[in-house]
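Only one structure is covered here, and it is reproduced in the block below.
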Amino acid sequence: MRAIAIGTVVIYHAWPSVLSGGFVGVDVFFVISGYLITRLIYAEMSAGTFSLAAFLARRIRRLLPAAAVCLTIVAILAALLLLPEAFRDFGRSLAAASLMFANVLFYRTSGYFSAPAEEKPLLHTWSLAVEDQFYLTWPLLLLLLVTLRAPRTVAIAATAVLALASLVHAEMSVGRHPDYAFYMLLPRAWELLAGCAIALAGARIVPGHRTGALFVWGGAFLILASAALLHPGMRFPGISALPAVVGTMLVIVGGLAAKSTTPVGGAAVSLPVRILASPPFVLVGLLSYSLYLWHWPLLSLAKFAASRPLTGFEVLLVVAVSIVLATVSWRLVERPFRLHGAIPLRRAVTTIAAGAATMLGLAMVGGGIKVFDGLPQRFDGAVGQMFADMATGNPLRRVCDGYDRIDGNDARCNFGRPKASGASYDVAVIGDSNADHFVPMIAGWAQREGLAGRQVTQSACAPLMGVIRQGVRHRSVADCPPFHQAIVRFVERNRGLKLVVLAGAWGGYKGALQLTGASFPGWAAPVVSGRPGASGASGAADAAPASDLKAALASTIGFLRARGIRVHILSQVPHFKVMPSNCVVRALRSGGNPATCGRPRAEVMAVSAPIDALIRELAAADPGVTFTLATEKMCGPEWCSPMKDGVFLYRDIGHLSGAGSARLLDDFELPDLR
Numbered sequence: 319m320r321a322i323a324i325g326t327v328v329i330y331h332a333w334p335s336v337l338s339g340g341f342v343g344v345d346v347f348f349v350i351s352g353y354l355i356t357r358l359i360y361a362e363m364s365a366g367t368f369s370l371a372a373f374l375a376r377r378i379r380r381l382l383p384a385a386a387v388c389l390t391i392v393a394i395l396a397a398l399l400l401l402p403e404a405f406r407d408f409g410r411s412l413a414a415a416s417l418m419f420a421n422v423l424f425y426r427t428s429g430y431f432s433a434p435a436e437e438k439p440l441l442h443t444w445s446l447a448v449e450d451q452f453y454l455t456w457p458l459l460l461l462l463l464v465t466l467r468a469p470r471t472v473a474i475a476a477t478a479v480l481a482l483a484s485l486v487h488a489e490m491s492v493g494r495h496p497d498y499a500f501y502m503l504l505p506r507a508w509e510l511l512a513g514c515a516i517a518l519a520g521a522r523i524v525p526g527h528r529t530g531a532l533f534v535w536g537g538a539f540l541i542l543a544s545a546a547l548l549h550p551g552m553r554f555p556g557i558s559a560l561p562a563v564v565g566t567m568l569v570i571v572g573g574l575a576a577k578s579t580t581p582v583g584g585a586a587v588s589l590p591v592r593i594l595a596s597p598p599f600v601l602v603g604l605l606s607y608s609l610y611l612w613h614w615p616l617l618s619l620a621k622f623a624a625s626r627p628l629t630g631f632e633v634l635l636v637v638a639v640s641i642v643l644a645t646v647s648w649r650l651v652e653r654p655f656r657l658h659g660a661i662p663l664r665r666a667v668t669t670i671a672a673g674a675a676t677m678l679g680l681a682m683v684g685g686g687i688k689v690f691d692g693l694p695q696r697f698d699g700a701v702g703q704m705f706a707d708m709a710t711g712n713p714l715r716r717v718c719d720g721y722d723r724i725d726g727n728d729a730r731c732n733f734g735r736p737k738a739s740g741a742s743y744d745v746a747v748i749g750d751s752n753a754d755h756f757v758p759m760i761a762g763w764a765q766r767e768g769l770a771g772r773q774v775t776q777s778a779c780a781p782l783m784g785v786i787r788q789g790v791r792h793r794s795v796a797d798c799p800p801f802h803q804a805i806v807r808f809v810e811r812n813r814g815l816k817l818v819v820l821a822g823a824w825g826g827y828k829g830a831l832q833l834t835g836a837s838f839p840g841w842a843a844p845v846v847s848g849r850p851g852a853s854g855a856s857g858a859a860d861a862a863p864a865s866d867l868k869a870a871l872a873s874t875i876g877f878l879r880a881r882g883i884r885v886h887i888l889s890q891v892p893h894f895k896v897m898p899s900n901c902v903v904r905a906l907r908s909g910g911n912p913a914t915c916g917r918p919r920a921e922v923m924a925v926s927a928p929i930d931a932l933i934r935e936l937a938a939a940d941p942g943v944t945f946t947l948a949t950e951k952m953c954g955p956e957w958c959s960p961m962k963d964g965v966f967l968y969r970d971i972g973h974l975s976g977a978g979s980a981r982l983l984d985d986f987e988l989p990d991l992r
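Everything in the sequence shown is counted per my numbering, starting at 319 for the first residue and increasing by one.
Okay, here's the thing in structure tokens:
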């Protein structure tokens with residue numbers, strides 16, 4: 319079973335298009351873990367020999383040595399390969415992984431500005447944290463039942479009730495808070511409890527040999543079908559994880575039947591069991607924990623080193639290296655540290671203390687990396703300056719981004735000429751994070767022109783009044799309706815507003831939009847195709863026509879133009895498939911040309927052309943509407959470079975740094991308001 323679990327996970331991480339739902343391997347691991355732990359500790363509890371200290375000591379010796387070795391080596395590799403910002407984030411995840419709350423960290427930091435999954439070398443440790451948290455809570459609950467002399471049937475029933483409650487909680491959470499449902503223990507506990515229930519039921523549910531074989535076949539089919547048919551854009555976990563969980567339960571029960579009964583009618587009926595018990599499957603199962611630890615960090619760091627997607631051969635090579643390291647880890651680390659049999663209390667306490675010290679030491683290393691901002695001192699000269707540029711941002715973002723900051727914070731969010739109390743702003747920058755990253759550039763322009771400006775932004779929310787993206791489940795979407803209301807209040811308060819600069823991640827809003835049901839004075843609701851409550855499919859925003867975006871943007875422009883406010887639209891800056899900074903570092907160190915680290919202009923234009931055409935069309939219909947197309951200003955005849963006159967422009971694959979934004983002041987043409 320472990321071989322199936324780790325196999326699906328590795329294939330998904332290495333070749334996601336081959337097995338789009340291979341992430342269910344983690345769910346398989348959860349069921350197996352619940353079963354194995356409960357089978358061990360319930361027998362000890364029933365016999366009166368259970369020791370919580372001994373249990374924790376066994377868990378520490380089973381899991382921590384291999385994890386500590388892996389984390390240490392990965393930290394060294396990260397120090398050699400990662401840029402300061404990425405290394406700072408790595409330090410934070412190292413601390414979280416060491417202290418068993420990586421799942422909490424990745425839940426809390428998931429969102430619009432979070433790095434892509436492949437840029438988080440320790441992302442996979444979220445599932446280890448879920449298991450660790452379960453190991454700290456489940457034995458206590460089970461011990462309570464045993465202490466109260468609850469019959470086994472009561473323990474099974476209690477486990478089933480807890481599992482059902484967790485499943486319902488997961489299904490209720492996945493629609494509104496998908497990141498919480500994915501990462502956190504409570505919505506995941508039912509998967510572990512499913513394995514616990516099998517262990518508690520024991521011989522009561524063991525079928526006959528033939529039926530057991532059918533269980534194994536059926537269970538394997540459910541797991542593999544889930545791995546093949548699910549994909550990241552679907553609602554998951556919750557009920558969608560049920561086939562993989564039930565499939566794992568069936569395989570476990572079928573395996574119990576093979577152990578407890580005598581084959582009847584020939585060996586063919588035991589074929590699925592023989593397959594799972596074959597040497598290759600057993601070997602992969604033995605390596606599964608170490609392979610899980612190693613494969614993802616190596617894939618992630620390899621992509622960092624290459625500064626591009628890996629080729630098929632490179633992926634295969636990384637997986638092969640992972641298997642070799644997993645084998646070494648199993649032979650030299652896992653096996654020597656395992657404990658069997660009874661553990662004296664003193665030895666258990668010593669083991670727990672040593673484990674805690676190891677975890678704390680790794681956490682302190684991670685915390686130090688975070689505190690010292692990813693150690694930019696590792697780089698100097700032109701490379702060091704590049705990282706200094708990348709680290710800059712919009713200085714107003716921290717206090718000005720967010721719908722709840724638009725009605726206040728005027729003195730702190732004012733750029734350009736200071737605005738007198740009670741007076742109106744001249745200029746406002748309205749939009750999402752793409753508007754936020756243009757603020758340093760527009761602030762320089764406002765200062766030069768003697769204009770009073772104000773930032774009016776909400777990350778992940780387009781300046782498209784009264785509409786949101788259909789089917790988007792990210793929690794930030796809830797911020798969009800109050801953001802639109804705040805825009806209206808701001809405009810009504812500032813009757814002397816001359817210009818609004820609209821900027822957004824327009825490509826992300828190309829697709830089905832739905833009305834929020836709001837109404838605003840002087841605003842005509844756009845006709846859009848989305849329906850409230852409808853679900854969206856992965857990739858739908860890129861595949862759908864831009865008619866909804868055009869209608870929504872025209873409606874917002876109409877609201878502003880009806881008040882005599884001029885509108886200037888900024889398109890998205892060129893995006894990169896991977897952060898080009900590693901490539902630039904190599905070019906700077908070798909005397910090469912950093913401009914070649916960009917993206918072909920034709921490739922960028924193919925993505926931006928539909929949106930650029932839409933913006934042109936809207937501007938052509940009204941002389942009070944102007945625009946700047948970033949691709950025309952930032953790209954040369956052949957390439958779109960991440961640098962301009964020695965300044966690295968970006969802080970991630972699609973957002974400008976503060977230094978980069980300011981550098982573009984002379985390239986972007988803004989309206990003359992004099």
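Note that beta-carbon positions come from the ideal geometry of N, C-alpha and C, so glycine has one too.
Computed from a prediction, not measured in an experiment: that's the story for all the values here.
Query: Quick check: the segment 487–497 against the segment 323–340, are at least 3 beta-carbon pairs closer than 8 Å?; Result: no
Query: So what does aspartate 719 bridge to, in DSSP terms?; Result: Thr775
Query: Three-state secondary structure (DSSP) at glycine 572?; Result: helix
Query: Kindly identify the DSSP beta-bridge partner or partners of alanine 746.; Result: Arg772 and Val818
Query: Taking the alpha carbon of phenylalanine 838 as the point to measure from, which residue in Ala515, Val806 and Asp984 has its own alpha carbon closest?; Result: Val806
Query: Reducing DSSP to helix, strand and coil, say where threonine 629 ends up.; Result: coil
Query: If you follow the beta strand (DSSP E) that asparagine 900 is part of, which residue opens it and which one closes it?; Result: Here asparagine 900 belongs to no beta strand (DSSP E); instead the alpha helix (DSSP H) covers 899–908.
Query: Excluding the 5 residues preceding and the 5 following alanine 980 in the sequence, name in chain order all residues of the same chain whose CB lies nearer than 7 Å to its CB.; Result: Pro758, Met759 and Gly762
Query: Is the CB-CB distance between leucine 574 and valine 534 below 8 Å?; Result: no
Query: State yes or no: is the C-beta of isoleucine 748 within less than 8 Å of the C-beta of leucine 820?; Result: yes
Query: What distance in whole Å lies between the Cβ atoms of glycine 771 and phenylalanine 808, which are believed to be in contact at a cut-off of 8 Å?; Result: Actually they do not touch by this definition, with Cβ atoms about 12 Å apart.
Query: Over what stretch of residues does the alpha helix (DSSP H) that includes glycine 537 continue unbroken?; Result: 527–547
Query: Within a Cβ cutoff of 8 Å, which residues of the same chain sit near cysteine 731, ignoring the five residues on either side of it in sequence?; Result: Leu714, Val717, Cys718, Arg723, Arg772 and Gln773
Query: Going by alpha carbons, who is nearest to alanine 417 out of Ala746, Val683 and Arg904?; Result: Correcting the residue identity first, residue 417 is leucine in this sequence and not alanine. Per the Cα distances, Val683.
Query: Can you give me the start and stop residues for the alpha helix (DSSP H) that isoleucine 887 sits inside?; Result: Isoleucine 887 -> not in any alpha helix (DSSP H); beta strand (DSSP E) instead, spanning 884–888.
Query: Between which two residues does the beta strand (DSSP E) carrying phenylalanine 263 extend?; Result: Because the chain spans 319 through 992 in this model, residue 263 falls outside it and cannot be assessed.
Query: For arginine 934 and lysine 688, what's the separation of their Cα atoms in angstroms?; Result: 44 Å
Query: In angstroms with no decimal places, state the Cα-to-Cα distance between alanine 521 and leucine 354.; Result: 15 Å
Query: Determine the closest residue to leucine 635 out of Arg626, Phe655, Ser908 and His613, with distance taken between C-alpha atoms.; Result: His613
Query: Out of Gly942, Asp940, Asp963 and Pro928, which one is the CA nearest neighbour of threonine 949?; Result: Pro928
Query: Taking C-beta to C-beta, are methionine 961 and alanine 913 nearer than 8 Å?; Result: yes
Query: Rounded to whole angstroms, how far is the Cβ of serine 899 from the Cβ of phenylalanine 966, which I believe are closer than 8 Å?; Result: 7 Å
Query: On a Cα-Cα basis, can you pick out the residue from Ser618, Val891 and Ile359 that is closest to serine 975?; Result: Val891
Query: Does DSSP put leucine 358 in a helix, a strand or coil?; Result: helix
Query: Distance, Cα to Cα, leucine 616 vs alanine 435?; Result: 13 Å
Query: To the nearest angstrom, how far is the alpha carbon of arginine 969 from that of arginine 357?; Result: 50 Å
Query: Indicate, with yes or no, if the ligand MG has a heavy atom lying under 7 Å from the CB of glutamine 776.; Result: By its list of ligands, the structure shown contains no ligand whatsoever, and the ligand MG lies outside what it can speak to.
Query: Ignoring anything shorter than 4 residues or poking outside the segment 329–389, list the alpha helix (DSSP H) runs there in chain order.; Result: 342–365
Query: What's the call for arginine 653, buried or exposed, on a 16-neighbour Cβ count within 10 Å?; Result: exposed
Query: Could you check the C-alpha separation between glycine 825 and leucine 888 for me, to the nearest Å?; Result: 12 Å
Query: Can you check which of these residues, Leu560, Met552 and Gly876, is closest to alanine 481 by C-alpha distance?; Result: Leu560
Query: Can you find at least 3 beta carbon pairs, one from the segment 664–681 and one from the segment 395–402, that sit closer than 8 Å?; Result: no
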